[in-house]
Amino acid sequence: MSQSPVHAGTRIGHVHLKVADLDRALGFYCGVLGFELMQKMGSSAAFISAGGYHHHIGLNTWESKGGSPPPPGTTGLYHTAILYPTRPALADALHRVLTAGIALDGASDHGVSEALYLRDPDQNGVELYRDRPKEEWPFGPDGKLAMITKRLDVEALLREREE
């Protein structure tokens, strides 16, 4: 274990996913979720983002073209978590997913955040979430963070979508 924590400003900058079919993956991440295509490298890789950043998600078929998802019981990425800035923005993401006919694996209120869980076309786990302000986080009597997992009211979330 490290003697001192990592710098507080450290962030995960992007995720790069191996996919079986690049166009199918772009259909999900750009067509459904609304990310923008920043650069495409032939039929083997693409870089997508929100707001014009160079890329938040890289997609490639370099080692996975036509491949299948890893079987259960193996190691690998559990899910990619996409952070939305507001509850209405998360509601819009939910609307996009449901309109595309994509089923949710779950929807949870964790006290610190509200999260939607689903799968991309390659069966990679995807979490769409928004953080609550830190002042609203649940803390126990001992002052320690007390995260929870309870059912998220998706109907109430959908009503917050900005038109």
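According to our numbering, the residues represented by the sequence shown are 64 to 226, in order.
Note that beta-carbon positions come from the ideal geometry of N, C-alpha and C, so glycine has one too.
Determine the extent of the alpha helix (DSSP H) in which residue i is found, giving its start and end residues.
{"i": "residue 138", "result": "From DSSP, residue 138 is part of no alpha helix (DSSP H); its letter is neither H nor E."}
{"i": "residue 220", "result": "217-221"}
Alpha carbon to alpha carbon, how far is residue j from residue i? Give it in angstroms, no decimals.
{"i": "residue 118", "j": "residue 203", "result": "38 Å"}
{"i": "residue 102", "j": "residue 197", "result": "36 Å"}
{"i": "residue 213", "j": "residue 173", "result": "7 Å"}
{"i": "residue 124", "j": "residue 130", "result": "9 Å"}
{"i": "residue 73", "j": "residue 175", "result": "20 Å"}
{"i": "residue 190", "j": "residue 207", "result": "25 Å"}
{"i": "residue 162", "j": "residue 105", "result": "29 Å"}
{"i": "residue 299", "j": "residue 178", "result": "The chain is shown from 64 up to 226; residue 299 falls before or after that span and cannot be answered."}
{"i": "residue 205", "j": "residue 98", "result": "41 Å"}
{"i": "residue 221", "j": "residue 151", "result": "8 Å"}
{"i": "residue 211", "j": "residue 126", "result": "38 Å"}
According to DSSP, simplified to helix, strand and coil, what is residue i?
{"i": "residue 199", "result": "helix"}
{"i": "residue 167", "result": "coil"}
Could you pull the start and end residues of the beta strand (DSSP E) that residue i belongs to?
{"i": "residue 177", "result": "176-182"}
{"i": "residue 189", "result": "188-194"}
Could you check whether the stretch 131-143 touches the stretch 84-99, counting it as contact only if at least three pairs of C-beta atoms, one from each stretch, sit closer than 8 Å?
no
Between the stretch 107-125 and the stretch 76-86, can you find at least three pairs of beta-carbon atoms closer than 8 Å?
yes
Return the chain-ordered ranges of every alpha helix (DSSP H) run that is complete within the stretch 72-159 and spans a minimum of 4 residues.
85-89
Touching or not, the stretch 69-84 and the stretch 178-192, by the rule of three or more beta carbon pairs under 8 Å?
yes
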